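Enquirer: Protein chains in written order, with numbering that gives the first Met the number 0: chain A, 0 to 673; chain B, 0 to 335.
C-beta atoms are modelled at their ideal positions from N, C-alpha and C, and glycine is treated no differently.
Computed from a predicted model, the values in this text were never measured in an experiment.
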Amino acid sequence: MKATYDWIREYVPAFQGDVREMCERFTMSGTEVEYFEQVGDDWVIEFAVTSNRVDCLGVLGLARELAAATGLPFVPPRVELDETAAAADEVCSVAIEDLDLCSRYTARIIEGVVVGPSPDWMVKRLEAIGLRSINNIVDATNYALFETNQPFHAFDLDRLKDGAIVVRRARKGESIRALNDKVYELDSEMLAITDPSGPVAIAGVMGGAATEVGEGTTRVLLETAWFEPMSIRASSRRLGLASDSSFRFERGIDRGNVDRAAGRCAQLIVQVAGGRHRRGLVAAQGEVPAGRVIPFRHDQVKRITGIDIPLPRCLEIFTALDCATVVDDPARISVVPPSWRGDLEREIDLVEEVIRIHGLEALPVESGMRVMTVKEGRQRKIQGLVKNVFVAAGFHETLTTSFLAEDAARASFFAKATPITIANAMRKDENALRQSLLHSLLAVRKTNQDHGNDEVRIFEATVVYLDHDGRSIPEHLPIVGAALDGGLREARGVVERLLRGLGIEGSVFGRLDEEVSSLLDPTCATTLRLADGRVLGHLGRPDRRIAAAHDLKSLPCYLELRLDRLSELASLEPKYRPLSRYPAVKRDLAIVVDEGLLWQEVESLVRSLELADLDAVEFFDEYRGKQVGTGKKSLAFSLTYRSHERTLTGDEVDASQQRLIAVLGERFGAQIRA
Amino acid sequence: MSDIETTRATALAELEALTDARALEQWRIRYLGKKGPVQDLMGRLKDLPAEERPGYGQDVNRLKQELVAAHAARKESLGTAPAAGARIEDFSLPGLQPLIGAFHPISRMMQEMITCMQSLGFEVAEGPEIEDEFHNFNALNIPPNHPARSESDNFYLEGNRLLRSQTSTVQIRVMESRKPPLRIIAPGRVYRPDTVDASHHYMFHQIEGLAVDRDLTMKDLKATLILFFSGLFGEDVDIRLRPNFFPFTEPSAEVDVRCVFCKGRGCPTCQQKGWIEMGGCGMVDPNVFKAVGYDPEVYTGFAFGIGIERMAMRRFGIPDIRLLTENDLRFLRQFA
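Here it is as structure tokens:
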């Protein structure tokens, strides 16, 4: 909403401050100023009027606010009409058929106008607030609209059939050529202003071309009405047509302002276009709701704001806001807000008015809030630890959006669910909610490929959306996903380190779960399960087709883990285990076995032998090549023996080693490599 | 000349002649080592007649002390000059840095804000991003047909669900499940169909604060905000509240912080206003309390909501919001 400094000051003449001070007063009393700038010898001010203050969409409303905020008098323009003896109702009639959509419709008749250009002062103000001057009649209605916040429409009376106006719902098949020269098909949901020949205006939205005021016009019928907001909004939406009038009607203007505003507009028309008013207002009206009485308990001001604002000050504020007050009991008074303050309905609304006008600056900085302790939720805490491990391992945290193309959103490691789609998506490639971070992180890898960044290690901990069990609010599954330039063992190393950090024991890496074999390459991937068989996550090379879709030159490794299960199993207090004070004896062993044998099988066999004082079994190398022959591979590992009671001798360790070598040979046909 | 004198003379002459640390060490081993002449001279003591032993012993000891002192002096005079051809570490080479990642700037900003609020007794609460209309609108006193419900302001999903457009939804979920007194903050993602440009994104983050108790007032709200912002910006922070309108709070206000760059004089960062808008706040509307079954005659409360992106962008000097979701490592590494 734009207005000018001089225009506002015209109605608060006692205000002596400059434009900066005026803006400051508005801003600090709740009507925010977006900016102000000089235009000629005046200043244009752009206001951000809040949605509850429709009354401030006019200059008079703004002036009223300034007066209330400063305590200065508000001086609205005087409306005095010089009417002829002939009555208006001799040349026109008004009827409302659909009272539910229009509670008051008035017509004033001005005769003998001369259509022409507007005076400079009017043109200047209209142009300052961004309007174009059209002719003196139209300009007068626009000027009055922005002053009084009441929309008007001027008809050429001689072009209205019989001067007979009927306000009714449009009928199917009716149409109208509007002032913008476009034809609009109307329907029975829309309110129309009609004469016996059909619609002459789309109520509250736009007038018709056929009855437009133009050069030859001498007699004007000025429409001033109150239309039901919902109806105007519906018409405006359905027709895709909005105007300064519809903008105000659909927000609900002041019912009490109609007649006064009609007089003001009629006065302006005569002032700029000449002519005389016919006597009286031709009006039709439905039921108008009575004014509200709001009980106001003075002690609520202190209860809510914390400060003592004495009753006389509260009453002064109500008076400044044109609220009538009845003080029967000082503890509980009655307040009747003015007709333009439809936003004041409850006691709390009045408390807000009191502190708003009194000034929030009055609040001191002091507080007696009780002391409260803070607990940190387990899941949040674990998520923090997980993130720390990734960062310490050289990963950078990313922030990717939750949206993917529907097809990519199908990718899911933890549920077979259909992705949730967005009904009003802005883009086709962002029309569904993701169920995995796989595509998001591969896309980030591609971005970095394009920027020439290598050694990429990225991760993100977030929720994905699984609509799989008929809940009204779908599952928000917390996960962590990561991608790294490196092999499966590096990815696994990160996961192992993470599990160790969280004190999770007994989880097992196994062959890749069939269900995710379209996402990861089964020949270079593994599924991590808990001791009870539940899946904790998956890691490995992405499927080639997926990688190709992202146009990646080299394949990173990807891992995705369930944070809910990590959180469930984490044990956050490490337990001390005694340290042996005797030296360790270490033996390395390299065996040649079949290609298909997994290290895991060798390791569990070693452990199952329960060799005396065996402290650790550690893999350190694998080898394939001529020396071991085709179809074979060599596995090298070390065994550490250590007792808690004494120093071990080489002989006893060698005995254990011999037994191990024999069993490995028996079970796996393993040959010792020299 | 006695053997003692001969040893002294040769040893000192050789010591004088040597030129580097390695030769010095070899000299030390040769003369003062276990198989050296000094030790050998000392060994002869047991073969001497008893009356000669004390004098001889003293002489050998004197020789040993003399040579040790001469060695120390020579070591000093040689200084630290390296041996010819020895390897010299080039300290000016760059170090081999351990590989450490970084938290995203939004995470960092969020964590800072959380830490500030935790110190004031606010506990982190979380809620779903996919919401129903009751939690996103009705319970927040946003009536049916309110413009805030329009398709241009919300992402709607099938089944009367939508992506939350504000973190205030978490207030409702917490109040539904707990009784006062409570004090929570809810950080998280929110969604609005804005076209992406340098300062807008359809997905961004907010942090919501809520406190409910028997006797909370706007004074407590203001004090909490001051403590919060001084935690973030330093003790001399100056804030102001100015009236505004939000459906879920009443009275409502906008909270501004005096621009830290120009101290209020006006600069490009604050668009010449001297103040920077931080977010909305107010006293919980009685209708919100009614929606969750709290008696507004018994309880009062305050709430506030602050956008994290704008805060982080100002703090780290990030000019374009799109950098935050592009995830270029050259960007992310700046926060390590």
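From this set, B:D294, B:F330, B:A290, which residue's C-alpha is nearest B:P142's C-alpha?
Expert: Closest by alpha carbon: B:A290.
Enquirer: Who does A:L483 pair with in a DSSP beta bridge?
Expert: Answer is A:R456, A:C556, bridged to A:L483.
Enquirer: Scan the segment 572-593 of chain A for residues whose Cβ lies nearer than 9 Å to a Cβ of chain B and list them as they occur along the chain.
Expert: Here the close residues number zero.
Enquirer: With a 10 Å radius around its C-beta and 16 neighbouring C-beta atoms as the bar for buried, classify A:S471 as buried or exposed.
Expert: The residue is exposed, with fewer than 16 neighbouring Cβ atoms inside 10 Å.
Enquirer: For A:K1, name the three-state secondary structure that DSSP assigns.
Expert: A:K1: strand per DSSP, three-state reduction.
Enquirer: Would A:A669 and A:I590 be called neighbours here (beta carbons separated by less than 7 Å)?
Expert: Yes, these two residues count as a Cβ contact at 7 Å.
Enquirer: If you follow the alpha helix (DSSP H) that B:L66 is in, where does it begin and where does it stop?
Expert: B:L66 -> alpha helix (DSSP H) spans 52-77.
Enquirer: To test your reading of the DSSP string, which unbroken beta strand (DSSP E) runs of 3 or more residues are found completely within the segment 149-215 of chain B?
Expert: If we require 3 residues or more, the beta strand (DSSP E) runs fully inside the segment 149-215 of chain B come out as 160-162, 181-190, 202-212.
Enquirer: A:A153 and A:I136 look like a contact to me (Cβ under 8 Å); what is the Cβ gap, rounded to whole Å?
Expert: With a Cβ gap of about 5 Å, A:A153 and A:I136 count as contacting.
Enquirer: Check whether the Cβ atoms of A:D157 and A:P195 lie closer than 7 Å to each other.
Expert: Cβ distance not < 7 Å, so A:D157 and A:P195 don't count as in contact.
Enquirer: I'd like to know whether the C-beta atoms of A:Q284 and A:R103 end up nearer to each other than 7 Å.
Expert: Yes; because the gap between Cβ atoms is below 7 Å, this pair is in contact.
Enquirer: Per DSSP, what are the beta-bridge partners of A:E396 in this structure?
Expert: In the DSSP output, where bridge partners are listed per residue, A:E396 has A:F458.
Enquirer: Helix, strand or coil: which one does DSSP assign to A:S603?
Expert: Of the three classes helix, strand and coil, the one that applies to A:S603 here is helix, per DSSP.
Enquirer: For the segment 345-367 of chain A, enumerate the residues whose C-beta is nearer than 8 Å to any C-beta of chain C, in chain order.
Expert: No chain C appears in this structure, whose protein chains are A and B.
Enquirer: Note down, in chain order, every chain B residue with its Cβ under 8 Å from the Cβ of A:T210.
Expert: In chain order: nothing, as chain B lies at least about 32 Å away.
Enquirer: What residues from the segment 404-427 of chain A come within 9 Å of chain B, judged by C-beta to C-beta, listed N to C?
Expert: The segment 404-427 of chain A vs chain B, Cβ under 9 Å: I419, T420, I421, A422, N423, A424, M425.
Enquirer: Give, in chain order, every unbroken run of the beta strand (DSSP E) that is at least 3 residues long and sits entirely within the segment 208-239 of chain A.
Expert: Segments of the beta strand (DSSP E) lying fully in the segment 208-239 of chain A: 218-226.
Enquirer: Need the endpoints of the beta strand (DSSP E) that A:A45 sits in, please.
Expert: First, the amino acid is wrong: residue 45 of chain A is Glu here, not Ala. Looking at the DSSP string, the run of the beta strand (DSSP E) that includes A:E45 is 41-47.
Enquirer: Return the residue from the list B:E296, B:L11, B:R313, B:E175 that minimises the CA-CA distance to B:F133.
Expert: Residue B:E175 is the option with its Cα nearest to B:F133.
Enquirer: With three or more beta-carbon pairs closer than 8 Å as the criterion, would you say the segment 328-340 of chain A touches the segment 288-307 of chain A?
Expert: Yes, they touch.
Enquirer: Is A:I419 helix, strand or coil by DSSP?
Expert: Here A:I419 sits in coil by DSSP.
Enquirer: What number of angstroms, rounded off, separates the C-alpha of A:E375 from the C-alpha of B:M116?
Expert: Their Cα atoms are separated by approximately 12 Å.
Enquirer: According to DSSP, is A:N256 part of a helix, a strand, or is it coil?
Expert: Correct three-state label for A:N256: helix.
Enquirer: With distances taken between CB atoms, is the gap from A:G492 to A:E459 smaller than 7 Å?
Expert: Contact: no.
Enquirer: Kindly say whether A:H27, judged by its beta-carbon, lies nearer than 7 Å to any beta-carbon of chain B.
Expert: The identity of residue 27 of chain A in the sequence shown is Met, whereas the question assumes His. Chain B, which has a Cβ nearer than 7 Å to the Cβ of A:M27, makes this yes.
Enquirer: Between the Cα of A:Y640 and the Cα atoms of A:N141, A:A209, A:L610, A:A241, which residue gives the shortest distance?
Expert: Minimum Cα distance to A:Y640 is reached at A:L610.
Enquirer: Given this structure, state the Cα-to-Cα distance separating B:G230 from A:M189, to the nearest angstrom.
Expert: Taking the straight line joining both Cα atoms gives about 56 Å.
Enquirer: Check whether chain B comes within 7 Å of A:H475, counting only Cβ atoms and requiring the distance to be less than that.
Expert: Yes, its Cβ sits closer than 7 Å to a Cβ of chain B.
Enquirer: Let me make sure I understand the geometry here. Which of A:R409, A:V78, A:F667, A:A265 has the alpha-carbon closest to that of A:T140?
Expert: Of the listed residues, the one whose Cα sits closest to A:T140 is A:A265.
Enquirer: Strictly below 8 Å CB to CB, what residues from chain B border A:F394?
Expert: Simply G100.
Enquirer: For B:D152, which option in B:V123, B:G126, B:V173, B:R191 has the closest C-alpha, if you only look at C-alpha atoms?
Expert: Taking only the C-alpha atoms, the option nearest B:D152 is B:R191.
Enquirer: If we define contact as Cβ-Cβ less than 7 Å, is A:V32 a contact residue for chain B?
Expert: No, no contact with chain B.
Enquirer: Smallest Cα separation from B:R309: which of B:I206, B:T248, B:P48, B:N243?
Expert: Of the listed residues, the one whose Cα sits closest to B:R309 is B:I206.
Enquirer: In chain order, which beta strand (DSSP E) runs of at least 3 residues are fully inside the segment 146-177 of chain A?
Expert: Runs of the beta strand (DSSP E) inside the segment 146-177 of chain A: 151-155, 163-168, 174-176.
Enquirer: Flag A:M371 as yes if its beta-carbon sits less than 7 Å from any beta-carbon of chain B, otherwise no.
Expert: Yes, A:M371 lies at the interface with chain B (some Cβ there is under 7 Å from its Cβ).
Enquirer: Please report the residue range of the beta strand (DSSP E) in which A:F508 lies.
Expert: From DSSP, the beta strand (DSSP E) with A:F508 extends over 507-510.
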